[in-house]
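K.L.:
Position 1, counted from 1, in the sequence shown is what UniProt numbering calls 1; the numbers after and before it change by one each time, with no gaps. Please read through the structure below; I'll follow up with questions.
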Amino acid sequence: MYLGKYKTILYLSIVYFIGTLFTTYSSLIVKSPFILFWGLGLISLGTGGIKPCVAAFGGDQIDGVNDQKKREKFFEFFYFAINLGSMISSFLVPLLAEWSCLGNKTCYPLAFGSSSVLLLISIAIFILGSSHYIKIKPNKNRFLKLIADINEEKAEDNSENISNEIHRNQTKDFSYMNILKLFIPIVCFWMLYDQQSSTWIEQGFKMSTTASFGSSKFKILSSQMQTWNSIFILCFIPLFTKYLYPTIEYFGWKLTPIKKMGCGIMLASLSFLSSAYLEHKIIEYATRKETICILWQLPQYLLLTAGEILLNMTGLEFVYSESPESLKTLILAGWLLTVTVGNIFVILYSFIDLARIIKPSEPETFNFLVYSFLGISASLYLFKFESKYKKNIK
Numbered sequence: 001m002y003l004g005k006y007k008t009i010l011y012l013s014i015v016y017f018i019g020t021l022f023t024t025y026s027s028l029i030v031k032s033p034f035i036l037f038w039g040l041g042l043i044s045l046g047t048g049g050i051k052p053c054v055a056a057f058g059g060d061q062i063d064g065v066n067d068q069k070k071r072e073k074f075f076e077f078f079y080f081a082i083n084l085g086s087m088i089s090s091f092l093v094p095l096l097a098e099w100s101c102l103g104n105k106t107c108y109p110l111a112f113g114s115s116s117v118l119l120l121i122s123i124a125i126f127i128l129g130s131s132h133y134i135k136i137k138p139n140k141n142r143f144l145k146l147i148a149d150i151n152e153e154k155a156e157d158n159s160e161n162i163s164n165e166i167h168r169n170q171t172k173d174f175s176y177m178n179i180l181k182l183f184i185p186i187v188c189f190w191m192l193y194d195q196q197s198s199t200w201i202e203q204g205f206k207m208s209t210t211a212s213f214g215s216s217k218f219k220i221l222s223s224q225m226q227t228w229n230s231i232f233i234l235c236f237i238p239l240f241t242k243y244l245y246p247t248i249e250y251f252g253w254k255l256t257p258i259k260k261m262g263c264g265i266m267l268a269s270l271s272f273l274s275s276a277y278l279e280h281k282i283i284e285y286a287t288r289k290e291t292i293c294i295l296w297q298l299p300q301y302l303l304l305t306a307g308e309i310l311l312n313m314t315g316l317e318f319v320y321s322e323s324p325e326s327l328k329t330l331i332l333a334g335w336l337l338t339v340t341v342g343n344i345f346v347i348l349y350s351f352i353d354l355a356r357i358i359k360p361s362e363p364e365t366f367n368f369l370v371y372s373f374l375g376i377s378a379s380l381y382l383f384k385f386e387s388k389y390k391k392n393i394k
């Protein structure tokens with residue numbers, strides 16, 4: 001049974017909603033880890049199915065093959081809306097949880113329950129617009145064709161006539177093979193990006209969390225620094241699209257999507273060079289029994305966020321536009337899967353613990369430099385990949 005994008009979003013949104021009800025119930029009446037994990041499992045299932053479908057379904061509403069500018073605008077607004085919601089929830093939900101209710105000092109039922117109510121409202125709004133949506137029927141045979149094409153591509157790689165065979169891939173149906181190759185360096189970006197919620201927080205623990213603004217002093221927790229990512233995104237999206245991109249193209253440098261993504265990984269790599277330098281200074285200050293203010297992490301968050309906009313926002317639109325009609329959701333799911341693969345590689349690297357083998361004087365600084373090197377290598381691969389990609393689709 002093939003549901004199509006609309007029904008998949010609708011049904012899995014309901015699964016998502018039920019998951020939020022489980023988490024609310026677990027905090028309200030029965031404080032049971034079993035019920036909580038069931039809720040988290042349903043939320044994971046729901047969001048995992050919704051994410052690739054929402055981006056593709058939204059792109060489908062741009063009626064017209066040549067409406068490239070409109071499609072770019074949609075993905076800009078789409079990415080802006082996601083991060084606006086993320087920023088608002090990161091502020092409001094913890095505040096709701098801190099209220100006193102039901103005889104407790106905290107109010108997690110209110111925090112979880114508010115998410116359930118908002119999700120239910122969004123499902124209702126989504127259903128109300130049903131008659132206005134463009135709904136493309138799913139092609140039942142395309143997944144099998146994708147597997148066949150991947151196997152065929154492997155066979156071609158072992159043949160002596162591969163240069164002649166490449167020309168057969170010039171149609172739209174075969175361009176997705178090149179897109180799948182694009183995912184390789186994207187994995188490296190996510191290896192760097194998601195460490196803002198792990199190693200960068202750990203770095204913040206070693207810094208002073210008290211900052212001053214004029215005569216006022218305020219405390220910033222290490223975990224709160226990630227909020228700057230959402231703030232920078234909301235500022236950078238209009239700045240990049242209205243001013244930076246047009247200015248660069250005005251001076252004669254054509255910013256293709258793959259070039260943007262390559263620059264995005266390069267900026268993420270520079271953010272890790274920044275964090276490596278900061279780590280070195282933290283150790284240097286510690287020898288004098290001094291600490292550095294946590295706001296010195298801002299440059300690395302700024303660089304990483306700029307890289308995210310160049311890579312992820314551009315990549316979503318590029319992958320959607322270049323994929324065959326009936327494989328857009330599947331390939332967008334592959335794009336999201338690169339996040340998982342990147343995180344798995346970070347776990348493997350942590351397990352190997354290269355710093356323990358080489359034994360540098362500053363292990364954390366060394367690890368930041370290793371990740372930066374991986375990112376730079378992936379960026380250079382993307383720049384080289386662009387010329388091959390353009391050649392294959394001509």
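Here a beta-carbon is modelled for each residue, glycine too, at the ideal position from N, C-alpha and C.
Who are the near neighbours of L12 in its chain, counting only those whose CB is closer than 6 Å to its CB and skipping five residues on each side?
P.N.:
Hits under 6 Å: G46, G49 and I50.
K.L.:
Looking at the unbroken beta strand (DSSP E) that takes in K289, where does it start and where does it end?
P.N.:
Per DSSP, K289 belongs to no beta strand (DSSP E) and is neither H nor E.
K.L.:
If distances are taken between C-alpha atoms only, which option among S222, G334 and V93 comes closest to L295?
P.N.:
Cα-wise, what sits closest to L295 is S222.
K.L.:
Roughly how many angstroms lie between the CA atoms of L304 and G103, to the nearest whole one?
P.N.:
Distance between the alpha carbons of L304 and G103: 43 Å.
K.L.:
Name the residue from S115, L278, L336 and K242 whose alpha carbon lies nearest to the alpha carbon of E364.
P.N.:
It is L278.
K.L.:
So what does DSSP say about C101, is it helix, strand or coil?
P.N.:
In the structure shown, C101 sits in a strand (DSSP, three-state: E or B).
K.L.:
How is the alpha helix (DSSP H) around residue 416 delimited, first residue to last?
P.N.:
The question about residue 416 has no answer, for the chain in this structure spans 1 to 394.
K.L.:
Spatial neighbours of I123 within its chain, please: CB distance less than 6 Å, with the 5 preceding and 5 following residues excluded, ordered by chain position.
P.N.:
The answer, listed in chain order, is S13.
K.L.:
Taking the beta carbon of S379 as the centre, do at least 16 other beta carbons fall within 10 Å, making it buried, or is it exposed?
P.N.:
When all chains shown are included, S379 counts as buried.
K.L.:
Give the secondary structure of S197 by DSSP, where H, G and I count as helix, E and B as strand, and everything else as coil.
P.N.:
Here S197 sits in helix by DSSP.
K.L.:
In three-state DSSP terms, what is F75?
P.N.:
F75: helix per DSSP, three-state reduction.
K.L.:
With respect to the alpha helix (DSSP H) encompassing K359, which residues constitute its N-terminal and C-terminal limits?
P.N.:
From DSSP, K359 is part of no alpha helix (DSSP H); its letter is neither H nor E.
K.L.:
Within the same chain, show all residues whose beta-carbon is closer than 7 Å to that of S361, passing over the 5 residues directly before and after it, in chain order.
P.N.:
Cβ neighbours of S361 beyond the five flanking positions: none.
K.L.:
Would you say the beta carbon of I43 is closer than 6 Å to some non-hydrogen atom of the ligand NAD?
P.N.:
As for the ligand NAD, it is missing from this structure, which has no ligand bound.
K.L.:
When the Cα of V370 is compared with those of F34, A355, S208 and L92, which residue comes out closest?
P.N.:
Here the closest residue by C-alpha is A355.
K.L.:
Could you check which residue in A97, V117 and A81 has the C-alpha nearest to that of P109?
P.N.:
When each option's Cα is compared against that of P109, the closest is A97.
K.L.:
My output table needs one value for F57: the three-state DSSP class, helix, strand or coil.
P.N.:
F57 falls in the helix class under three-state DSSP.
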